[in-house]
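K.L.:
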Amino acid sequence: MSTLNRPLRVGVIRAQRIVAQNLQIRSVGPSPSPFPVRTILRELRVKVRHLEHEVRELEHENREIERQLHELRERVKRLEAQISSGQPPNPALQALFASKQGQVVTVSTASGTLTGTVTLVGTNAVELTESSGDILVIPYSKITGVQ
Amino acid sequence: MTFQSMLSSFIGRIVEVFVPGSLFEGTLTSVRTSAIQVTEPPIVYSQPVVVTIPTDNIEYVRVLL
Numbered sequence: 034m035s036t037l038n039r040p041l042r043v044g045v046i047r048a049q050r051i052v053a054q055n056l057q058i059r060s061v062g063p064s065p066s067p068f069p070v071r072t073i074l075r076e077l078r079v080k081v082r083h084l085e086h087e088v089r090e091l092e093h094e095n096r097e098i099e100r101q102l103h104e105l106r107e108r109v110k111r112l113e114a115q116i117s118s119g120q121p122p123n124p125a126l127q128a129l130f131a132s133k134q135g136q137v138v139t140v141s142t143a144s145g146t147l148t149g150t151v152t153l154v155g156t157n158a159v160e161l162t163e164s165s166g167d168i169l170v171i172p173y174s175k176i177t178g179v180q
Numbered sequence: 208m209t210f211q212s213m214l215s216s217f218i219g220r221i222v223e224v225f226v227p228g229s230l231f232e233g234t235l236t237s238v239r240t241s242a243i244q245v246t247e248p249p250i251v252y253s254q255p256v257v258v259t260i261p262t263d264n265i266e267y268v269r270v271l272l
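Chains H and E supply the protein sequences, listed in that same order. With my numbering applied, the first sequence covers 34 to 180. With my numbering applied, the second sequence covers 208 to 272.
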């Protein structure tokens, strides 16, 4: 039998019999962890949220870059086609013929003068319909004058 | 709409293709980015002649009615 007159801080008491004049038992709760788990967890959650935000921003940037890349590829394809065809677009002539759509025009080329109604205006060529019903397709690059 | 796409809609039609100093007449059989092909009708007892014309040489094309 042991006698104790001071507070005893233990986790488990094994005894067959306890005799006491004044016995107080109270739970003091779990002892503080040497690692601040909750703080670390909170910081990690904040970091995860930041990283998720960064990932979303990077995904957005990636989509924008892919869109620009697609546009540039299409532009390169068009330029390659223009170079290999030798017939570049001519926005000025295109606008001129667009303004004369349905009207009769006379077009000069090195091979002769052609007259017809403007029926189709393209980026690098125009289509005229002659009075005979024949159709002329003339690249802008070969036009020396328009009346 | 480009020169090639305009011509593509006339494949199978009789055309006159004007290039500097020459004229080719025949059936338009092929249109590619850099060249078109015209099949000239056979002269008696001979085979049709397929002429390939670079598109950058073409002054204009007349599609006959």
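Where a beta carbon is used, it is the ideal one built from N, C-alpha and C, also for glycine.
For residue 115(H) and residue 79(H), what's the separation of their Cα atoms in angstroms?
P.N.:
Within the model, the alpha-carbon separation for residue 115(H) versus residue 79(H) is close to 54 Å.
K.L.:
I'd like the span of the alpha helix (DSSP H) that includes residue 115(H), first residue to last.
P.N.:
For residue 115(H), the enclosing alpha helix (DSSP H) has its first and last residue at 70 to 118.
K.L.:
For a test of the three-state rule: what should DSSP assign to residue 173(H), helix, strand or coil?
P.N.:
Of the three classes helix, strand and coil, the one that applies to residue 173(H) here is helix, per DSSP.
K.L.:
Can you give the Cα-Cα distance for residue 266(E) and residue 218(E), rounded to whole angstroms?
P.N.:
In a straight line, the C-alpha of residue 266(E) is about 18 Å away from that of residue 218(E).
K.L.:
Can you pull the DSSP bridge partners for residue 272(E)?
P.N.:
Per DSSP, none; premise fails for residue 272(E).
K.L.:
For residue 260(E), which beta-bridge partners are listed by DSSP?
P.N.:
243(E)
K.L.:
Which of the three DSSP states, helix, strand or coil, is assigned to residue 56(H)?
P.N.:
Per DSSP, reduced to three states, the secondary structure at residue 56(H) is coil, with no helix or strand assignment.
K.L.:
Measure the beta-carbon distance from residue 184(H) to residue 134(H) and round it to whole angstroms, keeping in mind my assumption that it falls under 8 Å.
P.N.:
For chain H, the structure presents residues 34 to 180; residue 184(H) sits outside this window and is missing.
K.L.:
I'd like the span of the alpha helix (DSSP H) that includes residue 141(H), first residue to last.
P.N.:
Segment 137 to 142 is the beta strand (DSSP E) holding residue 141(H); no alpha helix (DSSP H) there.
K.L.:
Tell me which residues share the same chain as residue 4(H) and place their Cβ nearer than 6 Å to its Cβ, disregarding the 5 neighbours each side in the sequence.
P.N.:
What is shown of chain H runs 34 to 180, which leaves residue 4(H) out entirely.
K.L.:
Do you know whose CA, among 149(H), 99(H), 60(H) and 178(H), lies nearest residue 136(H)'s CA?
P.N.:
It is 149(H).
K.L.:
Going along chain H in order, which residues have a C-beta closer than 8 Å to the C-beta of residue 227(E)?
P.N.:
143 and 144
K.L.:
Taking CB distances under 8 Å as the criterion, tell me whether residue 257(E) reaches chain H.
P.N.:
With 8 Å as the cut-off, residue 257(E) does not count as an interface residue toward chain H.
K.L.:
Compare the beta carbon distance of residue 258(E) and residue 233(E) with 8 Å and say whether it is the shorter of the two.
P.N.:
yes
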